[in-house]
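See below for the structure under consideration.
Protein chains in written order, with our numbering: chain A, 770 to 884; chain B, 38 to 153.
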C-alpha cells in the first residue's frame with residue numbers, strides 16, 4: 770500500500786517569492802512515479818510535473834521543479850517566482866510502475882499568493 | 038484543446054432520481070477512472086476501466102455503476118442519489134504504465150453534482 774503525506778494544509782506566500790510545498794511518501798514498491806497536480810477553485814485537476822523513482826535528475830517544468838530525495842522519501846514541489854494565478858490547491862500523488870493503476874493522493878496544500 | 042471532456046459541468050438532480058455523468062477522451066488512452074471529490078478533500082477513486090476490464094474499489098457503494106461502451110466514452114451512473122453524493126466527480130485517463138515511466142493521469146474539468 771502507498772501513502773502520501775502533505776503536512777501543510779495552507780500556505781500564504783508573497784507574489785514573486787519562491788515557495789516549497791512538502792510531500793513525503795511511503796511505499797514498498799521498488800518502482801513508482803510521483804506527481805503533482807494543481808486544482809484551482811474552478812475544480813479542474815491540472816497535471817504539473819512527474820518524477821520517476823529511478824530518475825537520476827530532479828524533474829523540472831518551467832517554473833516548477835521537484836526536489837526528489839529518495840532516501841528520505843520526499844518529493845517537494847518548488848514553484849519559483851510565484852504569481853497570483855498560482856493560488857490553488859496542490860496535490861502530491863504517487864502510483865506504482867507495474868500492476869495496480871491506482872493513484873494515491875495526499876490531502877493537499879492550499880496555496881494563496883498575496884499581491 | 039480539451040482532451041478529457043466531461044458533461045455537464047454542473048448537474049442538479051433530485052434526491053433518489055437516477056443521474057448519469059459522461060466522460061469522453063480524444064487521447065486514445067486505455068485506462069479510464071472515475072473519482073469522487075468532496076469539498077476540501079482529496080479525490081477518492083470509485084472505479085476504473087483497464088480497457089474493458091472493470092475494477093471496482095472495495096468501498097464504492099453499490100449505488101454507483103459505470104459503463105464503458107468504447108475506448109472513448111465512459112459513464113458514471115448514480116442509481117438513487119442521496120444528499121451525501123453531492124460532490125465533484127472527476128474523470129481521468131491514462132496509458133498503462135510500461136517500461137521505466139509511470140504514466141500520469143489526465144483529468145477532465147469535472148462535473149459538480151448537487152442533490153435537491
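Glycine included, C-beta positions come from ideal geometry on N, C-alpha and C.
Note that this is a predicted model, so its numbers are computed, not measured.
- Cβ-Cβ distances below 7 Å link residue 832 (chain A) to 848, 849, 850 in the same chain, with the five nearest sequence neighbours on each side left out; the list follows chain order.
- Annotation: the continuous beta strand (DSSP E) that includes residue 862 (chain A) extends over 857-865.
- Judged by beta-carbon spacing, residue 814 (chain A) lies within the 8 Å limit of residue 144 (chain B), meaning their Cβ atoms are closer than that value.
- Beta bridge pairing from DSSP links residue 804 (chain A) with A:819, A:862.
- Note on residue 80 (chain B): 16 or more other CB atoms within 10 angstroms of its CB, so buried under the neighbour-count rule.
- Contact holds between the stretch 125-134 of chain B and the stretch 63-80 of chain B, because three or more Cβ pairs, one in each stretch, are under 8 Å apart.
- Under the Cβ distance rule, residue 870 (chain A) counts among the residues neighbouring chain B, one pair being separated by less than 8 Å.
- Residue pairing of residue 124 (chain B) in beta bridges, as defined by DSSP: B:150.
- By the criterion of at least three beta-carbon pairs nearer than 8 Å, the stretch 108-119 of chain B is not in contact with the stretch 861-873 of chain A.
- Within chain A, 812 have C-beta atoms less than 9 Å from the C-beta of residue 149 (chain B), given in sequence order.
- The beta carbon of residue 860 (chain A) falls within 8 Å of a beta carbon belonging to chain B, placing the residue at that interface.
- Beyond the five residues adjoining it in sequence on each side, residue 844 (chain A) comes within less than 7 Å, by CB distance, of 792, 794, 803, 820, 835, 837, 861 in the same chain, given in chain order.
- About 12 Å separates the Cβ atoms of residue 112 (chain B) and residue 83 (chain B), ruling out a contact at the 8 Å cut-off.
- Contact of residue 794 (chain A) with chain B by beta-carbon distance below 7 Å is absent, the smallest such distance being about 13 Å.
- If you look at residue 871 (chain A), you'll find it isn't in any beta strand (DSSP E); DSSP assigns it neither H nor E.
- Pairing residue 52 (chain B) with residue 127 (chain B), the inter-Cα distance amounts to about 21 Å.
- Residue pairing for residue 844 (chain A): DSSP places it in a beta bridge opposite A:837.
- Boundaries of the beta strand (DSSP E) harbouring residue 43 (chain B): 41-44, taken from the DSSP string.
- Counting of Cβ neighbours within 10 angstroms places residue 866 (chain A) among the buried residues, the total reaching 16 or more.
- Contact of residue 866 (chain A) with chain B is assigned, a C-beta pair being separated by under 8 Å.
- Residues of the stretch 74-91 of chain B with a Cβ closer than 7 Å to any Cβ of chain A, in chain order: 79, 80, 82, 85, 87.
- Put simply, the CB of residue 801 (chain A) is near chain B, with a gap under 8 Å to one of its CB atoms.
- If you ignore the 5 residues before and after residue 798 (chain A), its C-beta comes within less than 6 Å of the C-beta of 865, all in its own chain and listed in chain order.
- DSSP places residue 779 (chain A) in the strand class (E or B) of the three-state scheme.
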